[in-house]
Amino acid sequence: MTTYYSQHPSLHLRSDWLAETDFEMGHGVTITVAQGCIVLMADNNAMQELHEQL
Numbered sequence: 001m002t003t004y005y006s007q008h009p010s011l012h013l014r015s016d017w018l019a020e021t022d023f024e025m026g027h028g029v030t031i032t033v034a035q036g037c038i039v040l041m042a043d044n045n046a047m048q049e050l051h052e053q054l
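Residue numbers (UniProt numbering): 1 to 54.
Here it is in structure tokens:
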């Protein structure tokens with residue numbers, strides 16, 4: 001069986017420190033991208049409630 005892998009850039013984050021820094025499973029994340037920089041911000045409770053209403 002042949003396995004094919006995506007040639008697109010990807011990033012996978014997985015660790016206990018994510019929950020310790022307010023990144024909770026199932027909650028939204030806001031991503032901002034600039035030249036050479038990616039910023040990930042955990043959505044606060046108000047943002048999470050808005051996401052759930054959509």
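C-beta atoms are modelled at their ideal positions from N, C-alpha and C, and glycine is treated no differently.
Within the same chain, and ignoring the five residues on either side of residue 29 in sequence, the residues whose Cβ sits closer than 8 Å to its Cβ are 23, 40, 41, 42 and 43. Within the UniProt domain "Toxin SymE-like" (5 to 40), the complete alpha helix (DSSP H) runs of at least 4 residues fall at 16 to 20. Only residues of its own chain outside the window of five on either side were considered, and among them 28 and 30 have a CB closer than 8 Å to the CB of residue 47, listed in chain order.
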